Amino acid sequence: MESRPEVLVVGAGIMGLCTAFALRAQGARVRVVDAVAAPNPHASSVDHHRLIRHSYGAQHGYMRMVDDAYLAWSRIFAALGEAPYVETGVLALDEGVGTWLPESRAAMRAHGLAVEDLPAPALPARFPWMSDARVVDAFFCARGGVLLARRIVELLAARIAPGIARVREVHDGAVTLEDGTRLSADMIVVAAGPWAPRLLPGIAPRVTASRQIIVRLAPPPALAEAWARAPMLLDLSELGGFYMVPPVAGTPIKIGDHSFSRQGDANDPREASAAEAEAILDLARHRIPGLEHYTPLGAMACYYDVEPREEFVVDMLSPRSIVMSGFSGHGFKFGSVLGQAVANAIINPALRAALPDWAAGRISPPPGLLESAA
Ligand SMILES: Cc1cc2nc3c(=O)[nH]c(=O)nc-3n(C[C@H](O)[C@H](O)[C@H](O)COP(=O)(O)OP(=O)(O)OC[C@H]3O[C@@H](n4cnc5c(N)ncnc54)[C@H](O)[C@@H]3O)c2cc1C
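Structure follows, in structure tokens:
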């Protein structure tokens with residue numbers, strides 16, 4: 001492939017936009033198309049926030065990849081002239097249900113991160129909005145925070161200016177649009193989020209669209225100050241537990257669950273039923289006392305594309321097409337570095353063989369895979 005390849009990216013979520021951004025920085029000719037105007041409010045990437053944290057249980061490859069992601073985000077933010085990120089720290093709690101928390105703690109310490117053990121009875125004094133009910137193990141890590149996802153997508157989309165076109169079929173080095181038009185390029189990148197199983201029937205056995213409910217809340221005025229200092233919360237219980245995003249930069253508190261529904265289709269309506277919202281709140285009631293005094297700001301269904309082991313699927317579909325998929329509930333934080341890696345592998349074909357194993361968190365990046373032109 002020549003050094004200024006022509007690349008067509010399908011999908012203007014975080015993966016497609018970061019890939020296009022990195023390709024442009026390398027002088028490639030890039031065109032991005034999306035079925036709707038970016039940011040698509042139904043895309044996985046488009047919500048107030050997405051979390052970034054090193055706690056990854058025994059998945060050490062992803063823990064290490066977080067450092068590469070932070071570095072790649074700092075380059076992108078410098079180029080955009082804005083850093084839509086708020087460091088909150090990470091509070092992880094375990095009700096004695098598994099190995100994820102101790103494995104995370106051990107791996108993070110071995111990686112050189114400061115991880116503070118917290119005795120359960122000390123939690124409410126430090127975090128006045130919470131109860132220590134049923135907590136048997138807890139830690140706090142100051143590194144970690146909230147990426148303001150919608151703002152990042154808006155900024156990238158303003159730079160990249162995606163076109164509007166719905167792709168019906170992907171071929172080797174070409175796509176067919178819904179209206180029958182055929183577009184060709186030296187390389188096609190397909191980053192279609194939870195629509196990937198529809199567009200690429202070949203990956204449907206590996207990747208499933210999954211309907212996930214989130215609930216938004218405002219804290220009672222008496223607790224507003226305590227909430228303004230709150231870290232993200234990862235709460236693991238027998239029922240699967242929940243995560244909580246604190247109200248940073250004018251955004252609401254957000255609560256969602258850790259379990260995959262593996263139900264639904266990304267084109268389904270996004271309203272959440274009252275029962276679905278209650279089921280999420282029920283996971284958090286014992287942890288956030290007085291939840292009934294919080295102001296409900298709405299609940300909705302969001303979709304992501306689940307890979308059973310939560311390993312990303314970044315691979316050649318054919319000699320001139322690449323898929324980026326299977327990002328489950330943890331892909332956004334890595335958009336910066338995955339985009340850089342895919343761009344580099346397009347420019348330098350020798351890097352392509354390492355992409356699938358590196359993106360699945362199984363190997364370290366080979367020299368050159370994460371290098372930036374900036
Ligand atoms: C509720 C929820 C919470 C999450 N929390 C976190 C978190 O805390 N931390 C984290 O790192 N990750 C998190 N994630 C996961 C993360 O958001 C996703 O992994 C990531 O946004 C996936 O980005 P994407 O670009 O692959 O897909 P998307 O953002 O969905 O983008 C795909 C784009 O492709 C377009 N498209 C689809 N089909 C076609 C077609 N045929 N033709 C043209 N265009 C098409 C769509 O319109 C869309 O704009 C969460 C996801 C959800 C839903």
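Last residue of the sequence shown: 374 in this note's numbering, with the numbers rising by one and none dropped. For every residue, glycine included, the Cβ atom is placed at its ideal position computed from N, Cα and C. Predicted model only: the values in this text are computed from it and were never measured.
A residue is called buried when at least 16 other Cβ atoms come within 10 angstroms of its Cβ; H293 does not meet this threshold and is exposed. Remark: the C-beta of F127 is outside contact range of ligand 1, defined as less than 8 Å to any heavy atom.
The shortest C-alpha to C-alpha distance from R320 to any of A185, P119 and G13 is the one to A185. Remark: the C-beta of Q340 is outside contact range of ligand 1, defined as less than 8 Å to any heavy atom.
Ligand 1 approaches W195 closely enough that one of its heavy atoms is under 8 Å from the residue's Cβ. For V7, the CB stays at least 8 Å from every heavy atom of ligand 1. Contact between the region 134-142 and the region 65-72 is absent: fewer than three C-beta pairs spanning the two stretches fall below 8 Å. The beta carbon of E6 is closer than 6 Å to those of R29, A185 and D186 in its chain, skipping five residues each way along the sequence. Cβ-Cβ distances below 7 Å link E310 to S328 and H330 in the same chain, with the five nearest sequence neighbours on each side left out; the list follows chain order. Assignment of F332 by DSSP, reduced to helix, strand and coil, places it in the helix class. Per DSSP, M324 is one residue of the beta strand (DSSP E) stretching across S321 to S325. For the 9 Å CB-CB criterion, A209 and G264 form a contact. By the Cβ criterion, the region 17-29 is not in contact with the region 270-280, since fewer than three pairs of Cβ atoms, one from each stretch, lie closer than 8 Å. A residue is called buried when at least 16 other Cβ atoms come within 10 angstroms of its Cβ; G11 meets this threshold and is buried.
Here the distance from the Cβ of M63 to the nearest heavy atom of ligand 1 is not below 8 Å. Judged by DSSP secondary structure, E169 falls outside any alpha helix (DSSP H) and instead within the beta strand (DSSP E) spanning V167 to H171.
Rounded to the nearest whole angstrom, the CA to CA distance from V189 to G180 is 19 Å. S184 sits in a strand when the DSSP states are folded into three classes. Taking C-beta separations shorter than 6 Å and ignoring five residues to either side along the sequence, the partners of A174 in its chain run R182 and S184, following chain order. The criterion of a C-beta distance shorter than 9 Å is not satisfied by R126 and V90. In the displayed model, S210 falls within a strand according to three-state DSSP.
Checking the DSSP bridge columns, you'll see E278 has no partner listed. Between P84 and L147, the C-beta gap is smaller than 9 Å, which places the two residues in contact.
Of all C-beta pairs linking the region 146-165 to the region 73-84, three or more are shorter than 8 Å, placing the two stretches in contact. Taking 9 Å as the cut-off, the Cβ atoms of A272 and V215 count as close. If you check the CB distance, F332 and M324 do not come in under 9 Å. Scanning A350, P349, A354 and C302 for the CA closest to the CA of N40 turns up C302.
Shortest gap from the CB of G11 to any heavy atom of ligand 1: under 8 Å. Here the region 156-168 does not lie against the region 95-110, with fewer than 3 beta-carbon pairs under 8 Å apart. Around D47, the same chain offers A149, R150 and C302 as residues with beta carbons nearer than 7 Å, after the five sequence neighbours per side are excluded. F139 carries a strand assignment under DSSP once its states are collapsed to helix, strand and coil. The C-beta distance from L80 to A92 rounds to 31 Å, too long to fall under 8 Å, and the pair is not in contact.
Out of L338, D172 and P162, the CA that lies nearest to the CA of V36 is found in P162. In chain order, R216 place their CB closer than 6 Å to the CB of G298, counting only its own chain and leaving out the 5 sequence neighbours on each side.
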